[in-house]
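Numbering (my numbering), first residue to last: 15 to 513.
Backbone N, C-alpha and C define an ideal beta-carbon position, used for all residues, glycine too.
Small disclaimer: the values here were computed from a predicted structure and weren't measured.
Written below as structure tokens is the structure these notes are about.
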């Protein structure tokens, strides 16, 4: 009978072929049923896009913080086909990036904005190349940062601070866009620290930072959660400023390569002038010894690293000082407390020095609290898992991406009492009271920001000198500054001389 016959396609299958097909099907079913077994709990999203469509730039950190309250400080979600592990407490971050650093040492390999814009630089390469070049740059940047304050009153940093005070006094309390003003001044500090008087021009550093600012505009919070080939070709091109940012990246590379090529024609190993010459000298030293690690010191790594050092070294300082000033404007009583402490410790006859830092207890606490409470940089897709492991009892699959959630970490009620309140005193150690964890805004573990020490040294000296010499206030009739105002670079402040 016709109904009893097998379809022709089935008749052609041998028992072996049929068995293999069934086995593959069953294995596929088992894989999809077990691939997320024992991973941290989390929300269910859409196919491929995951939880990404449910977030926007203004509420990303709030959505993730709400999920932390529901699922705990370690939870998971997917976005563009990748599994993200949200780390919402400093304890969880320490466990992943310090205790189990051998499992989470590499940056993300797939395409995303961070890996593209910061590619080739020491902060975003992996393996032995990263270890070798990071160690070199860490020592070199520390030396050059220290040299920028050669004595208690001399060096490029102190010289620039004197110019800043004089220029602001000349404005006689008129409104100043403080971020623009400080960005220009930080250009000079950074240029003299890394390159001295001859290694780079003011114009080169200025251009690099203008182009870097365009890149930053394209790096919206939700873009941090996009990753992979599909996102590269079908999502990123529709993001604001993306095409312009790509063009700027190419122009930045050209500026840096021109600087490198210019140094090659005048390089004297006996008299290194700046960071580029020091890099050449280290490469030559390793080559002369037959050290195979010399191959890691490529022009490409130097180019990528310089872009990040120059841009972050300027914009980070200007932006963080801007955030600190915004908090002073939001909490004017803090400005009075800090000024009083500076008068008691430093007085009016000289500017604050780095040696004063340990004595300005309340000012240090204020800076920490301002870093803790900022909404400026809320989370960061830091590293990916290189080998399956466990975290807090959960299975973390290979290639899972760690999302360090600064906002949740810094608003953890188990660490910070009444975290929603601005309270610098929480960071002042008193008898019988344990000081809470310090903010982790610069990262933690082996991938800690290379320039943290120099950046915070500049912020301390610049901000303490501003408060010592000026009273900061909003222009008359201005409303309270929003984070949107700040992000647009609009920090208009009246800087009135105190004496």
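Taking a contact to mean a Cβ-Cβ separation below 8 Å, would you say residue i touches residue j in this structure?
i           : j           : result
residue 338 : residue 384 : yes
residue 193 : residue 174 : no
residue 78  : residue 419 : yes
residue 366 : residue 482 : yes
residue 88  : residue 413 : no
residue 214 : residue 205 : yes
residue 113 : residue 63  : no
residue 191 : residue 504 : yes
residue 56  : residue 76  : no
residue 400 : residue 410 : no
residue 276 : residue 134 : no
residue 368 : residue 475 : yes
residue 293 : residue 316 : yes
residue 117 : residue 92  : no
residue 90  : residue 459 : no
residue 356 : residue 343 : no
residue 139 : residue 451 : no
Rounded to a whole number of angstroms, what is the C-alpha to C-alpha distance between residue i and residue j?
i           : j           : result
residue 153 : residue 240 : 34 Å
residue 83  : residue 101 : 12 Å
residue 99  : residue 160 : 38 Å
residue 297 : residue 163 : 28 Å
residue 302 : residue 313 : 18 Å
residue 398 : residue 494 : 40 Å
residue 268 : residue 236 : 29 Å
residue 363 : residue 179 : 14 Å
residue 131 : residue 137 : 11 Å
residue 71  : residue 238 : 10 Å
residue 378 : residue 359 : 13 Å
residue 108 : residue 216 : 40 Å
residue 497 : residue 376 : 25 Å
residue 149 : residue 305 : 16 Å
residue 270 : residue 290 : 10 Å
residue 53  : residue 59  : 15 Å
residue 48  : residue 246 : Caution is warranted here: a pLDDT of 49 is assigned to residue 48, below 50, making its placement in the model unreliable, and no coordinate value can be reported.
residue 443 : residue 370 : 18 Å
residue 144 : residue 433 : 37 Å
residue 110 : residue 198 : 38 Å
residue 461 : residue 120 : 9 Å
residue 320 : residue 252 : 29 Å
So, for residue i: in the same chain, excluding its five sequence neighbours on each side, which residues have a beta-carbon less than 7 Å away from its beta-carbon?
i           : result
residue 255 : 228, 231 and 232
residue 484 : 182, 509, 510, 511 and 512
residue 463 : 456 and 457
residue 551 : Summary: the structure shown does not reach residue 551, with the chain confined to residues 15 through 513, and so no result is reported for it.
residue 41  : Bear in mind that the predicted position of residue 41 carries a pLDDT of just 48, short of 50, making it unreliable; the figure below should be weighed with that in mind. So no residue of the chain qualifies.
residue 211 : none
Cutting at 8 Å between CB atoms, please list the residues of its own chain near residue i, excluding the five before and the five after it.
i           : result
residue 142 : 307 and 310
residue 499 : 505
residue 295 : 283 and 286
residue 340 : 495, 500 and 505
residue 278 : 294
residue 250 : 127, 237, 240 and 256
Leaving out five residues before and five after residue i in sequence, what residues of the same chain have Cβ atoms less than 6 Å from its Cβ?
i           : result
residue 96  : 241 and 415
residue 187 : 508 and 510
residue 200 : 328, 331 and 332
residue 106 : 87 and 88
residue 124 : 241 and 242
residue 469 : 330 and 331
Please check the pair residue i and residue j, which I expect to be a contact at CB under 8 Å, by giving their CB distance rounded to whole angstroms.
i           : j           : result
residue 288 : residue 208 : 6 Å
residue 387 : residue 436 : 6 Å
residue 326 : residue 169 : Not really, about 21 Å apart at Cβ, beyond 8 Å.
residue 266 : residue 218 : No, residue 266 and residue 218 are not in contact; Cβ-Cβ is about 10 Å, not under 8 Å.
residue 346 : residue 122 : No, residue 346 and residue 122 are not in contact; Cβ-Cβ is about 42 Å, not under 8 Å.
residue 552 : residue 335 : Shown here, the chain extends from 15 to 513; a query on residue 552 therefore has no answer.
residue 156 : residue 467 : 7 Å
Is the segment 453-462 touching the segment 416-432, taking contact as three or more C-beta pairs under 8 Å? yes
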